[in-house]
Every structure is written in C-alpha cells, then in structure tokens.
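**Q** One structure, as structure tokens, below. Some questions next.
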Amino acid sequence: MQLENKIAELTGARYACAVNSCTAALHLALEAIGVGPGDKVLIPTWTFTATAEVVRYLGADPILLDVDRGTFSLTPEIIEQALLEHSNVKATIVVHFGGQAAPILEGASGGIGEICKRHGTWLIEDAAHALPAYENGIPVGSMGDVACFSFYANKTMTTGEGGMLVTDNPDIAKRVRIMRLHGIDRDIWARYSSPGVKWEYDVIAPGFKYNMPDINAAIGLAQIERLETMRSERQRCAEYYLQHLSELECLDLPTIRVKPEEHAWHLFPIVLKESAPVNRNKLIELLAADNIGTSIHYKPLHRMTYYSERYALNPGEFPNAEALWKGCLSLPIYSLLSNTEMEYIVTRLRFHLGY
Ligand SMILES: *Cc1c(COP(=O)(O)O)cnc(C)c1O
789 MQLENKIAEL TGARYACAVN SCTAALHLAL EAIGVGPGDK VLIPTWTFTA TAEVVRYLGA
849 DPILLDVDRG TFSLTPEIIE QALLEHSNVK ATIVVHFGGQ AAPILEGASG GIGEICKRHG
909 TWLIEDAAHA LPAYENGIPV GSMGDVACFS FYANKTMTTG EGGMLVTDNP DIAKRVRIMR
969 LHGIDRDIWA RYSSPGVKWE YDVIAPGFKY NMPDINAAIG LAQIERLETM RSERQRCAEY
1029 YLQHLSELEC LDLPTIRVKP EEHAWHLFPI VLKESAPVNR NKLIELLAAD NIGTSIHYKP
1089 LHRMTYYSER YALNPGEFPN AEALWKGCLS LPIYSLLSNT EMEYIVTRLR FHLGY
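Numbering (our numbering), first residue to last: 789 to 1143.
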C-alpha cells in the first residue's frame, strides 16, 4: 500500500496496483481491457518476449512492428500505418526503450497517444525500463491508459521480483485488484458479509496469484528513496559515453529526444556500423576478455522461433530492427560505475575499433 502510494505520486497516476512482476502487470492490463481471441495487439519487435507473450496468454495475436533506427522505439508514423493496415487492433503496447520515453505526447504527425485515441485503441506502456522517465516534464505512467513497471533485479529499481501497474481508469484499477489475487472481490465481501463477519469472501472470476509480497514492497520502499540519485548517476555515465564516443565514426550512438534529466538511462546501446573493423559478436568477445561485460537488448522477437514460425515472419519486413540487431550491444551503465572504469571501457573500445 505504501509503495503503491509512492509510485502513484511519482508517476502522477490515480491508481497504482502492486504485483509480482511487470509481466503480471501487462497480463492484467490486457485482461482488464478485455483482450481475447480474435483481437490484435500492436507491439515493437524490439523488446523482451514478456511484452508479446502476455498477448498470447489471452489467445490474442501480437502484431510485431519495426522500430525507429535512432531510438529503437515505435513512432506515431509506424503505429498509424499499422492501424490503417489491420482491423481488430484492441491495444498498442509501447516500450519506453532503454529508459527514454517513446513519443506519446509529441511527434511529427501527432503523438502516439493522440493516434491511439483517434483509432479507438487502448494504449499500454511497457515501462519496465522507465522509472523515472518523462516526456516534456510529464512522467511516464500518466500518458497512456495503463503503464506497467518492473522491479526485477536488473531494472532501475528492484524489489527482488516485482512490478506495478498504474492507471487513471477506475474500472481498470478495480478489475486488476480483483484479478491479481484469485478473483476475490473485496467490495462484495464488505457489502454482503454480515456485520462482524470477517472471514467471508466472494470469487467472481478465475483470477491469478500475482500479488506483491510485503517483504518485496519493503525493499521497494528503501529503493525508491534512492531512485533519483541512482538515475542521475546513470546520467553521468551516459554523458561520459556520449562525450567520449561521439567521434568514433564506425558506431552510432542512441538518439536522445528528451532532456537528459528526463531519461531513466536504464541501458546504453551502441550500434556498430558495417564499416567497423570488427563485427558485433567479435567485439563482445574482445571486451569480455578485457573483463568488460556487455549485453544485447534485444535479439528482436521476429527472429525468435516461436513468433517467426507462428506468424510466418520474414526479417525483410523489419529493416530497421535488422540493421540494429546486426550491430547493437549495450555498454555497462549503473550508478556505481566510476569515471575511471568508464575511461578503461572507452580506451579498450577505441583500441578494438582501431582508434
Ligand atoms: C524486464 C522486462 C519485462 C518483464 O519484467 P518482469 O518484472 O521481469 O516481469 C517486460 N518488458 C520489458 C521491456 C522488460 O525489459
């Protein structure tokens, strides 16, 4: 409850519902808006499988979309095009990739929010990377219909395992609160149980076991106090990389479209160009031998067996994601990473790239 109040305050949302993962939050969000068989949900191919699997939990179909080359994100144009091509699109799930808010409020032809409204499709934010993050001063969590945060161990704030769903919609919040704990309706329980009877309750649906344990919420309450400090330390890391890698012509740095202090800086992805003297896999190996751990966010979903086979996907439909996939790797970024350590990372990176 306390953690829910703090997250509601931070995101400017009316309701916050604590759950045991972001995956659970996404599942509950789609369930609450009534996604079911025959429905389609637009999602970026550039994401973690959780974003797509929840659509399948409900028997609906994810429509994977290509992303923008600079931000790795969906854009208003990509979404509008897909909404014109497909019918029965019940919802769109936008991922605030790497901690940078997707263009929900603004974009060349109107923001994603406006386009989803115009086409009558729900807008759900997969905000697993984006606490805290903002677009034009507005916090992620108060832009779409529902936003889902992750408190998994490697995210910007952790409760060990955990997640949070936020919304301004009272019907969604009510349904989520019932479905996160076995479909037990506490209002009906309060209304119909005889005075003094505390043990009686009603079950109105086959709900889930998605509640956040108190012990995890306690960890979250300690973490949230340090959230902005940790974010600003990651901003220091990102600014160091942006400054010291900008002259390396054989790689692309991420496009930053928000103010630096509005970015959660969860990831720092770089993209090697074809002209680089080593390829991505080789570079990961060389850096690993230098004791520098990198990772990949993401191998796009259209390259994963399940989605590619089930939906007969052709990589040619995703030119931007394919180009990103060939060259991308994520550099270390976390609040305790020192400038001395980053100097070493940059030196080794320059060396391997022939500078
Ligand atoms: C981590 C992550 C999730 C899932 O979060 P959990 O809390 O582990 O369920 C969903 N989407 C994205 C983009 C993520 O990075």
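Where a beta carbon is used, it is the ideal one built from N, C-alpha and C, also for glycine. For clarity, every value in this text was computed on a predicted model and none was experimentally measured.
Consider the C-beta atom of LYS943 and the heavy atoms of ligand 1; say whether any pair is separated by less than 7 Å.
**A** The residue you call residue 943 lines up with position 155 of the sequence shown. LYS943 Cβ: within cutoff of ligand 1.
**Q** In its own chain, which residues sit with a C-beta less than 7 Å from the C-beta of VAL1046, not counting the 5 before and 5 after it?
**A** Reading the sequence shown from its first residue, position 258 is the one you call residue 1046. Excluding sequence neighbours, VAL1046 sits near GLN888, ALA889, TYR922, GLU923.
**Q** Cβ of PHE836 within 7 Å of any heavy atom in ligand 1?
**A** Indexing the sequence shown from 1 puts residue 836 at position 48. Yes, Cβ of PHE836 sits closer than 7 Å to a heavy atom of ligand 1.
**Q** Which same chain residues, not among the five before or five after LEU852, have their C-beta less than 6 Å away from its C-beta?
**A** Translated into the one-based positions of the sequence shown, residue 852 becomes position 64. Cβ neighbours of LEU852 beyond the five flanking positions: THR833, LEU1089, HIS1090.
**Q** If ALA838 and LEU871 are in contact, beta carbons under 8 Å, what's the gap, nearest whole angstrom?
**A** Start at 1 with the first residue of the sequence shown, and residue 838 comes out as number 50. Start at 1 with the first residue of the sequence shown, and residue 871 comes out as number 83. The Cβ separation is near 23 Å, so there is no contact.
**Q** Check whether the stretch 938-956 and the stretch 1003-1011 are in contact - that is, three or more C-beta pairs closer than 8 Å.
**A** yes
**Q** By DSSP's criteria, ILE926 is part of a beta bridge. Which residues make up the other side?
**A** Taking the sequence shown and counting its residues from 1, the one referred to as residue 926 is at position 138. Answer is GLU923.
**Q** Look at the Cβ atom of LEU953, then the Cβ atom of ALA817, and state whether they are nearer than 8 Å.
**A** Within the sequence shown, numbered from 1, the residue matching residue 953 stands at position 165. Within the sequence shown, numbered from 1, the residue matching residue 817 stands at position 29. Yes, they are a contact pair.
**Q** Taking HIS1144 as the reference, which of TYR998, GLU1035, PHE836, ILE867 has the closest Cα?
**A** An answer regarding residue 1144 cannot be provided, because it is not within the stretch 789 to 1143 covered by the chain.
**Q** Since ALA801 contacts SER930 with CB under 8 Å, what's their CB separation in whole angstroms?
**A** Position 13 of the sequence shown, counted from the start, is the residue given in the question as residue 801. Position 142 of the sequence shown, counted from the start, is the residue given in the question as residue 930. Contact flag correct, Cβ pair sits at about 5 Å.
**Q** Taking the alpha-carbon of SER1063 as reference, which of ILE867, VAL1134, LYS1114 has the nearest alpha-carbon?
**A** Counting from one through the sequence shown, the residue named residue 1063 turns up at place 275. Cα-wise, what sits closest to SER1063 is LYS1114.
**Q** Count the other CB atoms, across all protein chains shown, that sit within 10 Å of the CB of ARG963; report buried if there are 16 or more and exposed otherwise.
**A** Position 175 of the sequence shown, counted from the start, is the residue given in the question as residue 963. Counting Cβ neighbours within 10 Å, ARG963 comes out buried, since at least 16 surround it.
**Q** Are the beta-carbon atoms belonging to ALA961 and CYS810 less than 8 Å from one another?
**A** Counted from its first residue, the sequence shown places residue 961 at position 173. Counted from its first residue, the sequence shown places residue 810 at position 22. Not in contact: ALA961 and CYS810 (Cβ atoms no closer than 8 Å).
**Q** Going by other Cβ atoms of all chains shown within 10 Å of its Cβ, with 16 needed for buried, is VAL855 buried or exposed?
**A** On the sequence shown, position 67 is the one that residue 855 refers to. It is buried - the Cβ of VAL855 has at least 16 other Cβ atoms within 10 Å.
**Q** So, GLY925 versus PHE939, is the Cβ gap smaller than 8 Å?
**A** In the sequence shown, the residue the question calls residue 925 occupies position 137. In the sequence shown, the residue the question calls residue 939 occupies position 151. Cβ atoms of GLY925 and PHE939: not closer than 8 Å.
**Q** On the criterion of 16 or more Cβ atoms from any shown chain inside 10 Å, does MET789 qualify as buried, or is it exposed?
**A** Within the sequence shown, numbered from 1, the residue matching residue 789 stands at position 1. Burial call: exposed.
**Q** My guess is that ILE1121 and LEU1033 are in contact by the Cβ rule of under 8 Å, so how many angstroms apart are they, rounded?
**A** Here residue 1121 is taken as the residue at index 333 of the sequence shown, counted from 1. Here residue 1033 is taken as the residue at index 245 of the sequence shown, counted from 1. 13 Å between Cβ atoms; not a contact.
**Q** Please confirm if the stretch 870-885 is in contact with the stretch 899-918, defined as three or more CB-CB distances below 8 Å between the two stretches.
**A** yes
**Q** On the DSSP bridge assignment, give the partners of LYS794 in chain order.
**A** Position 6 of the sequence shown, counted from the first residue, corresponds to residue 794. Note: LYS794 sits in no beta bridge, so no partner.
**Q** What does the Cβ neighbour count give for GLU1073, buried or exposed, with the cut at 16 atoms within 10 Å?
**A** Along the sequence shown, one-based indexing puts residue 1073 at 285. GLU1073 should be labelled exposed.
**Q** GLU1110: which of VAL1059, TYR1099, SER1126 sits nearest, CA to CA?
**A** Your numbering for residue 1110 matches position 322 in the sequence shown. Ranking VAL1059, TYR1099, SER1126 by Cα distance to GLU1110 puts VAL1059 first.
**Q** Between GLU1105 and the rest of its own chain, which residues show a CB-CB distance below 8 Å, the 5 nearest in sequence each way excluded?
**A** For the purposes of this step, residue 1105 is identified with residue 317 of the sequence shown, where counting begins at 1. ASP854, HIS1090, listed in sequence order.
**Q** Any heavy atom of ligand 1 closer than 7 Å to the Cβ of TYR940?
**A** The residue given as residue 940 occupies position 152 in the sequence shown. Correct: TYR940 has its Cβ closer than 7 Å to ligand 1.
**Q** Measure how close the beta-carbons of LEU1009 and LEU830 come, nearest whole angstrom, since I'm counting them as under 8 Å.
**A** Translated into the one-based positions of the sequence shown, residue 1009 becomes position 221. Translated into the one-based positions of the sequence shown, residue 830 becomes position 42. Not a contact, Cβ separation roughly 35 Å.
**Q** Tell me whether ASP1002 counts as near ligand 1, meaning its Cβ is closer than 7 Å to at least one heavy atom of that ligand.
**A** Counting from 1 along the sequence shown, the entry for residue 1002 is found at position 214. Answer for ASP1002: no, Cβ out of range of ligand 1.
**Q** Excluding sequence positions up to five away, which residues of its chain have a Cβ less than 7 Å from the Cβ of ALA915?
**A** The sequence position of residue 915 within the sequence shown is 127, counting from 1. So the qualifying residues of the chain are HIS884, VAL928, GLY929, ALA935, CYS936, PHE937.
**Q** Three-state secondary structure (DSSP) at SER1063?
**A** Mapped onto the sequence shown, residue 1063 falls at position 275. DSSP places SER1063 in coil when its eight states are reduced to three.
**Q** What whole-angstrom Cβ distance do ARG974 and VAL807 have, given they're in contact under 8 Å?
**A** The residue labelled residue 974 in the question sits at position 186 within the sequence shown. The residue labelled residue 807 in the question sits at position 19 within the sequence shown. With a Cβ gap of about 16 Å, ARG974 and VAL807 do not count as contacting.
**Q** State yes or no: is the C-beta of GLY948 nearer than 7 Å to some heavy atom of ligand 1?
**A** Within the sequence shown, the letter at position 160 stands for residue 948. Checking the Cβ of GLY948 against ligand 1 gives no.
**Q** At which residues does the alpha helix (DSSP H) containing VAL934 begin and terminate?
**A** The residue labelled residue 934 in the question sits at position 146 within the sequence shown. VAL934: not part of any alpha helix (DSSP H); member of the beta strand (DSSP E) spanning 934-938, first to last residue.
**Q** Report back the beta-carbon spacing between HIS970 and LYS997 to the nearest angstrom; my notes put them in contact at under 8 Å.
**A** Mapped onto the sequence shown, residue 970 falls at position 182. Mapped onto the sequence shown, residue 997 falls at position 209. Rounded, the Cβ-Cβ distance is 7 Å, consistent with contact.
**Q** State the CB to CB distance for the pair CYS1038 and LEU893, rounded to an integer number of angstroms; the pair is presumed to be in contact (CB under 8 Å).
**A** The count along the sequence shown starts at 1 and reaches residue 1038 at position 250. The count along the sequence shown starts at 1 and reaches residue 893 at position 105. Contact flag wrong, Cβ pair sits at about 34 Å.
**Q** Using only CA atoms, which one of SER1096, GLN869, PRO1057 lies nearest to LEU1148?
**A** Within the shown structure, residues of the chain are numbered from 789 to 1143, placing residue 1148 beyond reach of any answer.
**Q** Quick one: residues in its chain with C-beta nearer than 8 Å to the C-beta of GLY995, no 5 flanking neighbours on either side, listed in chain order?
**A** Position 207 of the sequence shown, counted from the start, is the residue given in the question as residue 995. Listed in chain order, the non-local C-beta contacts of GLY995 below 8 Å within the same chain comprise ILE966, MET967, ARG968, LEU969, HIS970, GLY971, ILE972, local neighbours out to five positions each way being set aside.
**Q** Is PRO1042 buried or exposed, if buried means 16 or more other CB atoms sit within 10 Å of its CB?
**A** For the purposes of this step, residue 1042 is taken as residue 254 along the sequence shown, with counting starting at 1. With 16 or more other Cβ atoms within 10 Å, it is buried.
**Q** Is it buried or exposed, LYS1070, if we count other Cβ atoms within 10 angstroms and call 16 or more buried?
**A** Your numbering for residue 1070 matches position 282 in the sequence shown. When all chains shown are included, LYS1070 counts as exposed.
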